[in-house]
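Undergrad:
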Amino acid sequence: MSWAWFHRFGSPPYFYAVAGRLVPWLAWPAGLLILAGLYGGVVMAPPDYQQSDAARIMYVHVPAAYVGMMSYSVMALAAAIGLVWRIKVCHAVAAATAPIGAGFTAVCLVTGMLWGQPMWGTYWAWDPRLVSMLVLLFFFLGYVGLRGAIDDISRADRSSAVLAIVGFVNVPIIHFSVTWWNSIHQGPSIIRKGGPAMPASMWVPLVLVIFGFTFYFYAVMLVRARAEVLRRDRGGSWVRELLAPEENP
Amino acid sequence: MLEILDLHVWRGERHVLRGLALRLPEGQALQLLWPNGAGKTSLLRAVAGLLPLESGRILWQGEDVAADREAFSADLAFLGHELALKGDLTAAENLVYSVSLRQRIGRADVMAALDEVGLSRRADTPVRQMSAGQQRRVALARLGLWRARLWLLDEPAANLDPAGQRQVVAALERHLATGGCALISTHQPLALQPALTRLWQQPGEPA
Amino acid sequence: MLEILDLHVWRGERHVLRGLALRLPEGQALQLLWPNGAGKTSLLRAVAGLLPLESGRILWQGEDVAADREAFSADLAFLGHELALKGDLTAAENLVYSVSLRQRIGRADVMAALDEVGLSRRADTPVRQMSAGQQRRVALARLGLWRARLWLLDEPAANLDPAGQRQVVAALERHLATGGCALISTHQPLALQPALTRLWQQPGEPA
Amino acid sequence: MSDFLAMSGYAAYVWPSIGLTLALLWLNIVQARNALERAKSEARRRLSGGDDA
Amino acid sequence: MTTRASPLYAARNILRRDLTLAFRRPGEWLQPVAFFFIVTLLFPLALDPELAHLRRLAPAALWVAALLSSVLAVDFLFREDGRDGTLEQFALSGQPFAWLLLAKTVAHWLLTGLPLTLATPFAALALGAPASSVPGVLAALLLGSISLSLLGAIGAGLTLGLRRGGALLSLLVLPLAVPTLIFGARATELAIQGEPATGPMYLLAALAALGVTLAPLAAAAAVRISLE
Amino acid sequence: MTTRASPLYAARNILRRDLTLAFRRPGEWLQPVAFFFIVTLLFPLALDPELAHLRRLAPAALWVAALLSSVLAVDFLFREDGRDGTLEQFALSGQPFAWLLLAKTVAHWLLTGLPLTLATPFAALALGAPASSVPGVLAALLLGSISLSLLGAIGAGLTLGLRRGGALLSLLVLPLAVPTLIFGARATELAIQGEPATGPMYLLAALAALGVTLAPLAAAAAVRISLE
Ligand code: HEM
Ligand SMILES: Nc1ncnc2c1ncn2[C@@H]1O[C@H](COP(=O)(O)OP(=O)(O)OP(=O)(O)O)[C@@H](O)[C@H]1O
Ligand SMILES: Nc1ncnc2c1ncn2[C@@H]1O[C@H](COP(=O)(O)OP(=O)(O)OP(=O)(O)O)[C@@H](O)[C@H]1O
Ligand SMILES: [Mg+2]
Ligand SMILES: [Mg+2]
């Protein structure tokens, strides 16, 4: 395969432009999917036969969980590429991902706790799945903290990249924790042998929200990434051209 | 022979070295007399590989140093603002341990080197108990022990009294005589034989 | 006027200053050109009260400084090997905070002082991002802001380019002209007007 | 309607979860916009030679 | 002509300087808190999880965590200023040295002790303490953290300029801190059990008062010695 | 003529150097151990002492203490060598950098992890663990301390040259150390209850092996970046 596209994306101006054009195409579907999914899940779908309406938390908890984990993976991957091939754009993506991923992880934790109180009778339990997710949050925080502590941006990029890569080991642990250890948390109930463990009226909206969150994540991430690319720019002529019209309107 | 082509280096927000180029043949010492903040330290660190290059190439014996960092590192000796001495170790111990990273070494060589910088009687004092200039001299002795072809010296004469500065010059002349070369940042030109050295006053002008 | 009588100072096992005596009248600068390890730093730190005296007396305006340390400290400015600058603060902030220990100060004075050392455009750069010489210059600006009668300077010209060294000389001459006095350790004599300064080559000889 | 809001007794858990999630979605958008604006003005400042090179 | 700075003016500037420094690095001052949280989290991780069990353990966990994170933090109280010569300038400023160091210690407490105190209730709840206990826990940690910072200042002064200061520091401070720890834990325990904790509270307050008056002098003496 | 030093020769000298340095300051290397002891002793102080209660608490106390003291100690692993330019010379020595750092880490483990391990049995007994549990406890801490040192090396590399590195360091390392902590505490618990602890032991060993192979590379990358 040719690496042309790879290097094209590596060039800040190209990335900046393409990302800018991409955002609306991600944002609108995201909005629609989320609305549809939440409506389907929170309003239409029948209450769970065991958990009745408490199960509706699922429609935010699970997508948040998936996106939280996904965003860490995206961050680690981008960081690794940026570190190996010295591509600023990738570092920008990693930097843009961290705060968003931290947000989703936190939401997953809180919604999970709010779900746990009625279901398990406690907000928090020291359970592998829960703990590993908490650790994920700490990795995000550590990543942000490390960035904040370093003032030279290129050093911050590469240092935090190392951290992101090292911390990635945690992600599979989160996913398989339920199967490896006996966990009070329930195991895979959508992507599993023999199809989803719930009626279509429940898993379809869930899947819609999951996709919606994913689109949303990429939309927001790209906006932030454009900002990060600008911050990393070093007086490249393209920025001058880009901002010239806005300087004297 | 060291060759630098169109070197660009940034420090944070600041574009410090803009398309710098130089050639440094064997047996030559190039003295950078640039003003404060002009980029001497940055240049030396970039050559040593301690600062990332924004663009440009550094050739050693005609080959790009990025190709084989470790081989290049083995050929160079870097003396920066920090002396890399352990205050709790004696002068001799410091030399033994720092040199032994690169080559096998015995106490005899160390004592000889310390003698050259006039510290033979201080070989066993902890470096912490030495004055600024004495510590500089220890670092100077180490420089002589490393058998490196390329010396990168950042203000080697700082804190040294006239006698110490003469020792620097002597060490440099020995080094150049054996076909080495040196890139030196300094504010007073070192009194090397004119044949051996060039002075570079401003980063703007050509070397 | 500073007067030192029969001063003895030990550094660990070493009897560094043996019965040293000197007189430093107003408007005078005494330059210590002693060789490395002769005891310049020790002397300056002892006078400042940062090293204990084994024996001997230090008189300031005819009174023993041991009598009222704080009054004496308020009269002196000490610039050592360490610059007492915060890498994370900008040059201006560093000056404001360090000077405000001794006297009230406003941003205007600070900018003026930075201008004198040629750093006015760097007033808001964090000191960490400055080169060795630029940091020295900030320390120099601070020296000018403290209204101290007695300056104790340890190698004030280190790391400075010729322009910077001229600034040191200018600052010193302003200081001496206003009736201050200065005790300076250095390895190149500073180009002060001969009337204002004495050179002291060896601790053995009299000043 | 009211018993829909009541979530058969789980309202205290369901609605905060959903509310919090929506809040996060909103917050992310705001922050991203601000970040981009800040970066642009930063770049402008740098281009107009805020401090010397 | 220039006007001398009053001790108050000098202290105010030291305070301002240290706060500026801390806030320049976003979230840096949050780190002791984060550390504190992590430590409190470590216990349940290392234990078989039973909330009842945890609750009995809460006071110990809280106070050990608080003690450790404040010892960890106080390690930075004088270190930097000592290395870069700032403390020498303090000593030569002609201002009362102990007073300047007190200013530094206050700044340090504002940046570590106070956030720590504000953080404890959450940790306490996570460890299963009842919400009713929060005021008591807060009060205990408020008083405790003050004397911990002050004791820490002495240790920091003594270990100034030593390699590996950190570990030695903890050796020096932890014994000094034992009374605070015991009374603090006791007060917390009573608060969690919903009983009045006036007795230990008074003792904590007394310790804090004692610290404010004596610790700066001791610290000043220690730092002066370490400066040579 | 001079002969190049083999990587082994270089590593041996680094090891010798660090040991010399540590022993030059009498008892300096004892500090993490002392810290460890103090921390473990703090628990009984902060608790109402009931041995039965303490025994159930022993694994947590031991491991939290061990984790904290090794995090505290690892903060000094690279700090000094980074500040005084020694690490720059390492990087420029022409030897494989990761290998040199591994040598430093080994020295560090010998000076902190090993004494810590040897100290635990006493702490465990003090916390009411039965003598029969000593071998298990020892084994668990031996394996655990190794991976803690290695993980610490990564964090130390990342925070090298940062102000307040220490606190950030702990924030970075502790999440990495969670698995070690959990398995270690589990193994210790089983050992104290007199049951076979092979399962967690294997996992601890696996973690240690993983660390030895990967951590130095990560640390080397981190340090190189921090040197700029
Ligand atoms: C603080 C508490 C909780 C945390 C941190 C948490 C975390 C997670 C995470 C990380 C996932 C994604 C797993 C993966 O994609 O591999 C997940 C999925 C899920 N969680 Fe939770 N959870 C919590 C509480 C709960 C509770 C109380 C319930 C319901 C009783 C629940 C039900 C689910 C379900 C149904 C899934 C989807 C499983 C799948 O299809 O893979 N969670 N949770
Ligand atoms: N901390 C110390 N402990 C013991 N001896 C010391 C200590 N510091 C310096 N010395 C010794 O005291 C003597 C004087 O040291 P000092 O730093 O005053 O010399 P100096 O004149 O400043 O030299 P330089 O020009 O190199 O700065 C030296 O011989 C040195 O070895
Ligand atoms: N860490 C840093 N971050 C950002 N800018 C820096 C940093 N270090 C140095 N600079 C800037 O880079 C420029 C070159 O610095 P450098 O230290 O190379 O100068 P120099 O020639 O060595 O000066 P000196 O003679 O004073 O040592 C200076 O303007 C300085 O402000
Ligand atoms: Mg320089
Ligand atoms: Mg000196």
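Protein chains in written order, with the numbering used here: chain V, 22 to 270; chain A, 1200 to 1406; chain D, 1200 to 1406; chain U, 80 to 132; chain R, 45 to 272; chain S, 45 to 272.
Cβ atoms here follow ideal geometry from the backbone N, Cα and C, with glycine treated the same way.
Just so you know, these numbers come straight off a predicted model, no measurement behind them.
1) Going by the DSSP bridge assignment, what does Leu1351/A pair with across the sheet?
2) Report buried or exposed for Pro67/V, applying the criterion of at least 16 other Cβ atoms within 10 angstroms of its Cβ.
3) According to DSSP, is Ala266/S part of a helix, a strand, or is it coil?
4) May I ask you to check if the CB of Gly1236/D is nearer than 7 Å to at least one heavy atom of ligand 2?
5) Can you tell me whether Trp136/V sits near ligand 1, meaning its C-beta is under 7 Å from at least one heavy atom of the ligand?
6) By Cβ distance below 6 Å, which residues in the same chain neighbour Leu1231/A in space, the five residues on each side in sequence not counted?
7) Return the residues of the region 172 to 192 of chain V that lie within a Cβ-Cβ distance of less than 8 Å from chain A, sorted by chain order.
8) Comparing the CB of Gly1248/A with every heavy atom of ligand 3, is any distance shorter than 7 Å?
9) If you scan the region 99 to 179 of chain R from start to end, which runs of the alpha helix (DSSP H) of 4 or more residues do you find wholly inside it?
10) CB-CB under 7 Å to Gly41/V, same chain, minus the five flanking residues each way: which ones, in chain order?
11) By the three-class DSSP mapping on this structure, what secondary structure does Val1337/A have?
12) So is His1280/A in contact with chain V if we call contact Cβ pairs under 8 Å?
13) Going along chain V in order, which residues have a C-beta closer than 9 Å to the C-beta of Ile198/S?
14) Give a yes or no on whether 8 Å exceeds the smallest Cβ distance from Ile58/S to chain R.
15) Run through chain D and tell me which residues come within less than 9 Å of Ala54/R, C-beta to C-beta.
16) Starting from Ala66/R, trace the alpha helix (DSSP H) both ways and give me its first and last residue.
17) Note down the Cα distance separating Thr64/S from Gln1302/A, rounded to an integer number of angstroms.
18) Since Ser73/V sits in a beta bridge, which residues does DSSP pair it with?
19) Which same chain residues end up closer than 6 Å to Arg245/V when comparing Cβ atoms and leaving out the 5 residues on each side of it in sequence?
20) Give the list of continuous alpha helix (DSSP H) stretches no shorter than 4 residues that lie fully inside the region 1296 to 1326 of chain A.
21) Under 8 Å, with one C-beta from each stretch per pair, do the region 131 to 141 of chain R and the region 1256 to 1274 of chain D reach the 3-pair mark?
22) As an exercise, report each continuous beta strand (DSSP E) stretch of at least 3 residues that is fully enclosed by the region 212 to 272 of chain R, in chain order.
23) Between the beta-carbon of Leu112/S and the beta-carbon of Phe122/S, is there less than 8 Å?
24) Which residues of chain U have a Cβ atom closer than 9 Å to the Cβ of Gln207/V, listed in chain order?
25) On the premise that Trp107/R lies in contact with Thr232/R, defined as a C-beta separation below 8 Å, what is that separation, rounded to the nearest angstrom?
26) Can you give me the Cβ contacts of Leu1288/D inside the same chain, cut-off strictly under 6 Å, excluding the 5 residues immediately before and after it?
27) I need the DSSP call for Ile205/V, collapsed to helix, strand or coil.
28) Taking a Cβ distance cut-off of 9 Å, strictly less, list which residues of the region 1356 to 1372 of chain D are near chain A, in chain order.
29) Would you say the beta carbon of Ala1357/D comes nearer than 7 Å to a heavy atom of ligand 4?
30) Do you know whose CA, among Leu1258/A, Ala1237/A, Gly1236/A, lies nearest Val1246/A's CA?
31) Any Cβ of chain R within less than 8 Å of the Cβ of Leu212/S?
32) Which class does Val260/V belong to by DSSP, given the choice of helix, strand or coil?
33) So which residues on chain A does Thr1240/D lean against when the C-beta distance must stay under 9 Å?
34) When you compare the region 106 to 123 of chain V with the region 192 to 203 of chain V, are there three or more beta-carbon pairs, one atom per stretch, that lie closer than 8 Å?
35) Hey, Glu272/S and Arg176/V: beta-carbon distance below 8 Å or not?
36) Output, in sequence order along the chain, the residues in the region 139 to 173 of chain S whose CB is closer than 8 Å to any CB in chain A.
TA: Concretely, from the data shown:
1) Leu1351/A pairs with Phe1277/A, Leu1382/A.
2) It is exposed - the Cβ of Pro67/V has fewer than 16 other Cβ atoms within 10 Å.
3) Residue state, collapsed to three classes: helix.
4) Yes, since a heavy atom of ligand 2 falls inside the 7 Å radius drawn around the Cβ of Gly1236/D.
5) Flag set: Cβ of Trp136/V near ligand 1.
6) Lys1239, Ser1384, Trp1399.
7) Residues passing the 8 Å Cβ filter: Asp172, Asp173, Ile174, Ser175.
8) Distances from the CB of Gly1248/A to the heavy atoms of ligand 3 are all 7 Å or more.
9) Those alpha helix (DSSP H) runs which fall completely within the region 99 to 179 of chain R and span 4+ residues are 123 to 127, 130 to 135, 141 to 152, 158 to 170.
10) Correct list, in chain order: Arg247.
11) Val1337/A sits in a helix when the DSSP states are folded into three classes.
12) With a threshold of 8 Å between beta carbons, His1280/A makes no contact with chain V.
13) Close partners of Ile198/S in chain V (Cβ separation under 9 Å): Val183, Leu184, Val187.
14) Contacts with chain R at 8 Å (Cβ-Cβ) do not include Ile58/S.
15) Per Cβ cutoff of 9 Å: Ser1299, Leu1300, Arg1301.
16) Start and end: 51 to 68.
17) Distance from the CA atom of Thr64/S to the CA atom of Gln1302/A, rounded to whole angstroms, is 20 Å.
18) Partner residues in the beta bridge of Ser73/V, as assigned by DSSP, are Asp69/V.
19) Excluding residues within five positions, the ones whose Cβ falls inside 6 Å are Ala117.
20) At a cut-off of 4 residues, the continuous stretches assigned as alpha helix (DSSP H) that sit fully inside the region 1296 to 1326 of chain A are 1306 to 1315.
21) In short, these stretches touch, since the Cβ pair count reaches three.
22) Counting only runs of at least 3 residues, the region 212 to 272 of chain R fully encloses no beta strand (DSSP E) element at all.
23) No, these two residues do not count as a Cβ contact at 8 Å.
24) Identification of chain U residues near Gln207/V by a Cβ-Cβ cut-off of 9 Å yields none; the smallest Cβ-Cβ distance measures about 17 Å.
25) Contact between Thr232/R and Trp107/R is confirmed by a C-beta separation of about 7 Å, below the 8 Å threshold.
26) There are no such residues.
27) Coil, per DSSP.
28) So the close ones are Ala1356, Ala1357, Asn1358, Leu1359, Asp1360, Pro1361, Ala1362, Gly1363, Gln1364.
29) Because no heavy atom of ligand 4 lies under 7 Å away, the Cβ of Ala1357/D does not count as near it: no.
30) The residue among Leu1258/A, Ala1237/A, Gly1236/A with its C-alpha nearest the C-alpha of Val1246/A is Leu1258/A.
31) Interface residue, yes.
32) Of the three classes helix, strand and coil, the one that applies to Val260/V here is helix, per DSSP.
33) Within 9 Å of the CB of Thr1240/D, the CB atoms of chain A belong to Ser1330, Ala1331, in sequence order along the chain.
34) No, the region 106 to 123 of chain V does not touch the region 192 to 203 of chain V.
35) At the C-beta level, Glu272/S and Arg176/V come within 8 Å of one another.
36) The residues in question are Gln139, Pro140, Leu144.
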